[in-house]
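J.: These protein sequences, in sequence, are chains C and B. Adding 184 to a residue's 1-based position in the first sequence gives its number in my numbering. Adding 493 to a residue's 1-based position in the second sequence gives its number in my numbering. Right, I'll just put the structure down here and ask away after.
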Amino acid sequence: MEAVMVVEVLSGHHRVRARHRFAAAGEVACCTVGRSVACDVVLDDPYVAAVHARITVDAEGHVTVTDLESVNGIEVGGLRRHGGEPAELDGGGVFRVGRSRLRVRTAREAVAPERADRSERWSRGAERNALAVGVVVSIAVTAFQVWTTTTQPRELSTALVTTLLALLGLAGLWIALWALASRVAFGESRWLRHATIVALAYAASTVMGGFLSVVNGSLGLHLPSAVEPVLFGITVAVALSAHLVNASPMRARFALALGVTIPAVIIAAVMWTQARGQNRSPSYVADRDHVVPPALVMRRGVSLERFTTEVTDLRPRADAKRAFVEREDPSPDDEDETD
Amino acid sequence: MSRAGPPGRAVVRGIAVLLLSVTCSAAQTRLPTDETDAVSQPVPSAASASITARLILDRVRPSVIQIKGFFGTNTAEAFHGSGFAVTDRGVFITNWHVVSDVVLYPEKYRLEYRTAAGKTGRVSVRTIDIRHDLALVDAEGFAPPPLRLRPNAAIGGERAYSVGFPLDVGLTITEGISNGRVEDSFEPRVHYSGALNAGMSGGPGLDGAGHVIGVNVAGYRASQLVSFLVPAEHAVRLLADAKKLALDVKKARDEVARQVRAHSDALLAALGPKLPTQNHHGYELPSKPAAFVECRAAGDPAPDKPISVERVACDAKSAIYLGRNLQPGGLSFQHELLSTRTLDPWRFAHGMQAAKGSDDVFASPRHLAPFACKQKNVELGGFTANTTICLRAYRKLDGIYDLYVRVVSRNGSRQGFLSSLIVTGVTPERGLAFAQTYLDAMQWKP
Chain C
185 MEAVMVVEVL
195 SGHHRVRARH
205 RFAAAGEVAC
215 CTVGRSVACD
225 VVLDDPYVAA
235 VHARITVDAE
245 GHVTVTDLES
255 VNGIEVGGLR
265 RHGGEPAELD
275 GGGVFRVGRS
285 RLRVRTAREA
295 VAPERADRSE
305 RWSRGAERNA
315 LAVGVVVSIA
325 VTAFQVWTTT
335 TQPRELSTAL
345 VTTLLALLGL
355 AGLWIALWAL
365 ASRVAFGESR
375 WLRHATIVAL
385 AYAASTVMGG
395 FLSVVNGSLG
405 LHLPSAVEPV
415 LFGITVAVAL
425 SAHLVNASPM
435 RARFALALGV
445 TIPAVIIAAV
455 MWTQARGQNR
465 SPSYVADRDH
475 VVPPALVMRR
485 GVSLERFTTE
495 VTDLRPRADA
505 KRAFVEREDP
515 SPDDEDETD
Chain B
494 MSRAGPPGRA
504 VVRGIAVLLL
514 SVTCSAAQTR
524 LPTDETDAVS
534 QPVPSAASAS
544 ITARLILDRV
554 RPSVIQIKGF
564 FGTNTAEAFH
574 GSGFAVTDRG
584 VFITNWHVVS
594 DVVLYPEKYR
604 LEYRTAAGKT
614 GRVSVRTIDI
624 RHDLALVDAE
634 GFAPPPLRLR
644 PNAAIGGERA
654 YSVGFPLDVG
664 LTITEGISNG
674 RVEDSFEPRV
684 HYSGALNAGM
694 SGGPGLDGAG
704 HVIGVNVAGY
714 RASQLVSFLV
724 PAEHAVRLLA
734 DAKKLALDVK
744 KARDEVARQV
754 RAHSDALLAA
764 LGPKLPTQNH
774 HGYELPSKPA
784 AFVECRAAGD
794 PAPDKPISVE
804 RVACDAKSAI
814 YLGRNLQPGG
824 LSFQHELLST
834 RTLDPWRFAH
844 GMQAAKGSDD
854 VFASPRHLAP
864 FACKQKNVEL
874 GGFTANTTIC
884 LRAYRKLDGI
894 YDLYVRVVSR
904 NGSRQGFLSS
914 LIVTGVTPER
924 GLAFAQTYLD
934 AMQWKP
């Protein structure tokens, strides 16, 4: 049996500054900590004694720390100790000597399995292709949208250029922020990765939104207005999770949870506020269905007779809304003073 | 026509002309422009007639009272109007809109009278006729000789006078000309070409002999000396029915709702079972259904946009005043017609989507509950249209609703229309039946 430990000198951010390995063939391995070169672990800390403390580990991996009559003592588990009594280190293995933080790791420590490196799952070539597809689709869809909304031919080119430039600027800023985060976390910017995520997400959400409204209009589905924001939210969640995985060391599961939660909370809050406003406003009429060219209308409407029999349930529904509003007395602000 | 006494929603309702409620002004301090307007209006000079005016004023002076409304226990008035004696037992006639706040909120408002001589006392409401904007009130401890009513007597060109307490400046007589009955008004009105100002509502409109030909009601604020009287025969009828229709203060709201319903029923009945139509770009759409409905059409004469737009708006001007932001009994509809020569169907459809139409459905949440709507693609006469029908309930008036109908055509790739209809203060049965009449009238006849 061999007694082994690794003593790590930590920075204020818990980064490891130095690492010392001690092993002894016998029952116990030990080392000393202090400012003196005679020590096994040398610290440049003016609050540390020349020979400050001793760390021992047994074959089972139990670690004890003993203060060697220093002025400042040692701090274990939040308690400052002076002299004599060896203190046992708990699971984290961190203690303080002077103003330095040390961590002791032993063979008892469970080692997490190797994390699969997803960042290299796609070849660079495939990624470039995905980026190209995303960019081309995004530009095409945006150009189509600009063309749809611009009825004056002479305004088309200006509108196209300004919209695409604005979009490019925003996307660039977004990619730059994520690349910066990646650089901090991993030391590499991963421009290509973040650009691909943005391009694909934008392309997906615009294509889906357009497709949905055309289908809705041509089949006369009268889909609730919540469908579109929900689909948009899903796209954002996927994109955000992908960004997070590539810009921080967090696990995929956690990144997904965060990526879903943030857009879900924002979109739900906005939708709730809107729905509440609409439910309380006597001036709000149902949203208009999407208009599509007659050639795309796939389904005939109902007959007027059928529709007029269907609307007879409006009275109880209107009465129900009356009761709903009455329960909460409107504040004086509700009484508008506009003339 | 709506009175803007308590300044109404009329403005937002899109009525081009600002209407000034002649009488029951909410405290004048809130309407400074009324005063300046009133001052700037020229008064017809007629030196020869001034003797008649003086005689008439002397004669009616004892019988005309100022009716003041007070909020809570305040001694400063909230609004005021005029009234005049119609029986020798202290029964006075005034406008409904002078006393409406007291009827609807009896726990918040009270009424007092003040005679030209300065005597004051309590006033209580006896009977109301919302549709004709009349009310009978009792003045406690004051029973002057009544004025004589002269029904069916408004002759165009006859000299006429109006007496009341305008803007709190004391008993005033104005002189003008009666222009007889107004032809295109749903509610019967006498057109009086003379000044009527806020505070004169409920005062008598008189002929040269000092007989009452009508009750002061309203004036157009933006025009000069165009004023209206309620014909005296409605006052006579109200007086005859007074016993039968005695107002139960506790059930006043039910009575108000009942009268609004009766008004709307009469309005829709007057429009008939079938609406006339006019062809716009191939669509037969409802057009001016009765003489009293005012229709306006406008478009862009030199369109520089690929989609040209025409708008037709019709208004029955039949809304009745119940309070601020509460004027049911109206009916209006609008068509917005879009057409293009240059655009492809896809972009034209987008233009239809972006077209605003006129969703003029503003209402105060204090008085109305939100809409309940149903939206479907419906096969109308030869074309498909996206159709929405909505109802919203009045919060404190039972059995009346606002109906809203919106139609967006779906068949045209180069032309289309958006149409909307709003009928306020109607029963659901009558309202939905009228919605069907409205939709039935629409046809595709290129």
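All C-beta atoms in this analysis are idealised placements derived from N, C-alpha and C, irrespective of residue type, glycine included. Keep in mind it's a predicted model, so treat the numbers as computed, not measured.
#1: When the Cα atoms are used, what is the spatial distance from C:Phe438 to C:Leu415?
#2: Can a CB atom of chain B be found closer than 8 Å to the CB of C:Arg377?
#3: Would you kindly work out how many angstroms separate the C-alpha atoms of B:Pro724 and B:Ala759, rounded to a whole number?
#4: Which residues share a DSSP beta bridge with B:Ile800?
#5: If the cut is a Cβ gap below 7 Å, which residues of chain C does B:Cys866 touch?
#6: Pairs of beta-carbons, one from the stretch 683 to 696 of chain B and one from the stretch 604 to 612 of chain B, closer than 8 Å: are there three or more?
#7: Quick check: what's the CA-CA separation for C:Val481 versus C:Arg490?
#8: Taking three-plus beta-carbon pairs below 8 Å as touching, is the stretch 789 to 806 of chain B in contact with the stretch 873 to 883 of chain B?
#9: By a C-beta neighbour count over all protein chains shown, 10 Å radius and 16 as the cutoff for buried, is C:His197 buried or exposed?
#10: Within 10 angstroms of its Cβ, does B:Asp601 collect 16 or more other Cβ (buried), or is it exposed?
#11: Please check the pair C:Val232 and C:Ile239, which I expect to be a contact at CB under 8 Å, by giving their CB distance rounded to whole angstroms.
#12: Buried or exposed for C:Glu272, please, with buried defined as at least 16 other CB atoms from any protein chain shown within 10 angstroms of its CB.
#13: Anything in chain B within Cβ reach of C:Asn400, meaning under 7 Å, just list it in chain order.
#14: Using a 10 Å radius around the Cβ and a threshold of 16 neighbouring Cβ atoms, would you call B:Thr568 buried or exposed?
#15: In three-state terms, what does DSSP make of C:Gly524?
#16: Between B:Ala762, B:Ala806, B:Asn672 and B:Pro555, which lies nearest to B:Val719 when the distance is taken from Cα to Cα?
#17: Please report the straight-line C-alpha distance between C:Thr419 and C:Ala385, rounded to a whole angstrom.
#18: Would the stretch 253 to 264 of chain C and the stretch 277 to 290 of chain C be scored as touching if the rule is three or more Cβ pairs under 8 Å?
#19: Using the beta-carbon count (16 or more within 10 Å), is C:Trp362 buried or exposed?
#20: Exposed or buried, what is B:Pro766 when buried is set at 16 or more other beta-carbons lying within 10 Å of its beta-carbon?
#21: Do you know offhand how far B:Arg956's Cα is from B:Ala636's?
#22: Determine the burial state of C:Pro395: buried for a count of at least 16 other Cβ atoms within 10 Å of its Cβ, exposed for fewer.
#23: Beta carbon of B:Thr545, beta carbon of B:Leu740: below 8 Å?
#24: Taking 8 Å as the threshold (beta carbon to beta carbon), is C:Ser341 in contact with chain B?
#25: Given this structure, state the Cα-to-Cα distance separating C:Met189 from C:Ala207, to the nearest angstrom.
#26: C:Arg506 touches chain B at which residues, Cβ-Cβ below 7 Å?
#27: Mind checking who C:Met176 pairs with in its DSSP beta bridge?
#28: Would C:Gln336 count as contacting chain B if we go by Cβ distances under 8 Å?
#29: Note down the Cα distance separating B:Lys744 from B:Asn588, rounded to an integer number of angstroms.
#30: Using a threshold of 8 Å, state whether the C-beta atoms of B:Asp479 and B:Ala628 are closer than that.
#31: Just to confirm my understanding: we take C:Glu311, look at its own chain, exclude 5 residues before and 5 after, and list those with CB closer than 8 Å. What are they?
#32: Give me the Cα-Cα distance between B:Val532 and B:Ala571, rounded to the nearest whole angstrom.
#33: Return the CA-CA distance between C:Ala441 and C:Ser425, expressed in angstroms with no decimal places.
#34: Taking the alpha carbon of C:Ala459 as the reference point, which residue from C:Val444, C:Thr493 and C:Ser409 has its own alpha carbon closest?
#35: With distances taken Cα to Cα, identify the nearest neighbour of B:Ser906 among B:Phe864, B:Leu830 and B:Leu548.
#36: Would you say C:Arg460 faces chain B, with C-beta separation under 8 Å as the test?
T.: According to the data block:
#1: Annotation: C:Phe438 to C:Leu415 spans about 21 Å, alpha carbon to alpha carbon.
#2: C:Arg377 does not count as touching chain B.
#3: Computed Cα separation, rounded: 19 Å.
#4: Within the DSSP bridge table, the entry for B:Ile800 names B:Thr833 as partners.
#5: Within chain C, Val469 and Ala470 have C-beta atoms less than 7 Å from the C-beta of B:Cys866, given in sequence order.
#6: Contact between the stretch 683 to 696 of chain B and the stretch 604 to 612 of chain B is absent, because fewer than three Cβ pairs lie under 8 Å.
#7: The alpha-carbon atoms of C:Val481 and C:Arg490 are separated by roughly 20 Å.
#8: A contact is defined here as three or more CB-CB pairs under 8 Å, and the stretch 789 to 806 of chain B fails this definition with respect to the stretch 873 to 883 of chain B.
#9: By the 10 Å Cβ count, C:His197 comes out exposed.
#10: The question names Asp, yet the displayed sequence has Lys at residue 601 of chain B. B:Lys601 sits exposed, since fewer than 16 C-beta atoms from the chains shown fall within 10 Å of its C-beta.
#11: Actually they do not touch by this definition, with Cβ atoms about 14 Å apart.
#12: Result: exposed.
#13: The contacting residues do not exist; C:Asn400 stays about 11 Å from chain B at best.
#14: B:Thr568 is exposed by the Cβ-count criterion.
#15: Nothing about residue 524 of chain C can be reported from this structure: the residues present for chain C run from 185 to 523 only.
#16: Sorting B:Ala762, B:Ala806, B:Asn672 and B:Pro555 by C-alpha distance to the C-alpha of B:Val719 places B:Asn672 at the top.
#17: The straight-line gap from Cα to Cα measures roughly 6 Å.
#18: By the Cβ test, the stretch 253 to 264 of chain C is in contact with the stretch 277 to 290 of chain C, since at least three Cβ pairs between them sit closer than 8 Å.
#19: It counts as buried.
#20: The residue in question, B:Pro766, is exposed, as its Cβ has fewer than 16 Cβ neighbours within 10 Å.
#21: There is simply no residue 956 of chain B to check, as chain B begins at 494 and stops at 939 in what is shown.
#22: Per the sequence shown, the amino acid found at residue 395 of chain C is Phe instead of Pro. With fewer than 16 Cβ atoms within 10 Å of its Cβ, C:Phe395 is classed as exposed.
#23: Judged by beta-carbon spacing, B:Leu740 lies beyond the 8 Å limit of B:Thr545, meaning their Cβ atoms are not closer than that value.
#24: No, C:Ser341 does not count as interfacial toward chain B.
#25: If I take the Cα positions, the gap works out to 7 Å.
#26: Within chain B, the residues near C:Arg506 are Ala862, Ala886 and Arg888.
#27: No answer is possible for residue 176 of chain C: the residues shown for chain C start at 185 and end at 523.
#28: Yes, C:Gln336 counts as interfacial toward chain B.
#29: Looking at the backbone, the Cα of B:Lys744 and that of B:Asn588 are separated by about 20 Å.
#30: Because chain B here runs from 494 to 939, residue 479 of chain B falls outside it and cannot be looked at.
#31: Cβ neighbours of C:Glu311 beyond the five flanking positions: Leu376, Arg377 and Thr380.
#32: Summary for B:Val532: the model assigns pLDDT 38, below 50, so the residue's position carries little reliability, and this model does not support an answer.
#33: Spanning the two alpha carbons is a distance of roughly 8 Å.
#34: Comparing Cα-Cα distances from C:Ala459 to each of C:Val444, C:Thr493 and C:Ser409, the minimum goes to C:Ser409.
#35: For the residues B:Phe864, B:Leu830 and B:Leu548, the minimum Cα distance to B:Ser906 belongs to B:Leu830.
#36: Proximity of C:Arg460 to chain B, defined by a Cβ-Cβ separation below 8 Å, is not satisfied.
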